[in-house]
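What follows is one structure encoded as structure tokens, with my remarks underneath.
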């Protein structure tokens, strides 16, 4: 029986020479991968935004600006906090945010947080911003008012000069917010009055109506007239987060046409003016 040929010298040693380096390379690659994944020296938490400041504040808005971090990981977005709660977010390339819908004459506290992936920076230093107080002329005219009136001139009494009256007027804005025209509903000398008062600038409102306040006797024929009212806002303050009128005064004039009484006579044309002073 033939004897098996011996293995070539060095065959097993050759396999060992390349197997061991391969194992070392795989181990090194695994170690490198582990270090990359763990990499405790790689920063993941973004730096805190700096130099937070306010620009262009209005009674109802403000622009918040900040300086981006110059080191650390790339910022994906910024979260803007007002009073500690997030109110908006902008991309990491932005350095400002406009906050809208604020209340006039009110202080707000802002801070900015940088976001990188799942990591967030600490909030920036708190910036306190107070929205400006609007002009009195921009106050919202609304609500129920007790109106004292006093006749100043009258060409054909009644009513006589010096006559006073107190009536209740309701002023209803025709817009949802801010200062705008209002609808006046009320009475004067027991006659219902309804008119639209339009803004005339400088906190003034004017309107015209034809309520036929007076009657021509003895048949009580309504006398056609033109009633004009002008009121001016005098004071304003914050009321339930609304910049609202707190006081106003004004004038009222009525031009009455000559009117046949129905029995062959007539009532003369006349005019009157009266002052108005409102109490909320």
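In this note's numbering, the protein residues as written are 1 to 280.
Note that CB positions come from ideal geometry on N, CA and C, so glycine has one too.
All values reported here derive from a predicted model rather than from experimental measurement.
Do you know how far the Cα of residue j is from the Cα of residue i?
i, j, result
"residue 86", "residue 174", "33 angstroms"
"residue 258", "residue 221", "11 angstroms"
"residue 170", "residue 217", "31 angstroms"
"residue 36", "residue 44", "Annotation note: pLDDT 47 at residue 36 (below 50); position unreliable, coordinate value reported separately. Going by the C-alpha atoms only, they are around 13 angstroms apart."
"residue 274", "residue 209", "16 angstroms"
"residue 116", "residue 238", "40 angstroms"
"residue 242", "residue 280", "16 angstroms"
"residue 205", "residue 65", "39 angstroms"
"residue 55", "residue 98", "9 angstroms"
Compare the beta carbon distance of residue i and residue j with 8 angstroms and say whether it is the shorter of the two.
i, j, result
"residue 200", "residue 138", "no"
"residue 168", "residue 146", "yes"
"residue 309", "residue 182", "Residue 309 lies beyond the range of the chain shown here (1 to 280); nothing can be said about it."
"residue 213", "residue 276", "no"
"residue 157", "residue 58", "no"
"residue 194", "residue 185", "yes"
"residue 110", "residue 129", "yes"
Under 8 angstroms by Cβ, that's how I've got residue i and residue j pegged, so tell me the actual separation to the nearest angstrom.
i, j, result
"residue 123", "residue 81", "6 angstroms"
"residue 60", "residue 102", "5 angstroms"
"residue 155", "residue 261", "In fact, because the Cβ distance is near 18 angstroms, the residues do not count as touching under 8 angstroms."
Taking the beta strand (DSSP E) that residue i falls in, what are its first and last residues?
i, result
"residue 223", "First-last for residue 223: undefined, no H or E at that position."
"residue 139", "First-last for residue 139: undefined, no H or E at that position."
"residue 187", "182-188"
"residue 198", "191-201"
Using a Cβ-based criterion (distance less than 7 angstroms to any ligand heavy atom), does residue i qualify as near the ligand FAD?
i, result
"residue 90", "Judged by which ligands are present, the structure shown has none, so any question about the ligand FAD falls away."
>> Is it the case that the region 139-158 contacts the region 63-72, given that we only count it when at least three CB pairs across the two stretches are under 8 angstroms?
In response: no
>> Three Cβ pairs or more, each shorter than 8 angstroms: is that satisfied between the region 151-158 and the region 110-128?
In response: no
> Hey, is the region 48-56 in contact with the region 226-246, meaning 3+ C-beta pairs nearer than 8 angstroms?
Replying inline: No: the two stretches stay apart, fewer than three of their Cβ pairs being nearer than 8 angstroms.
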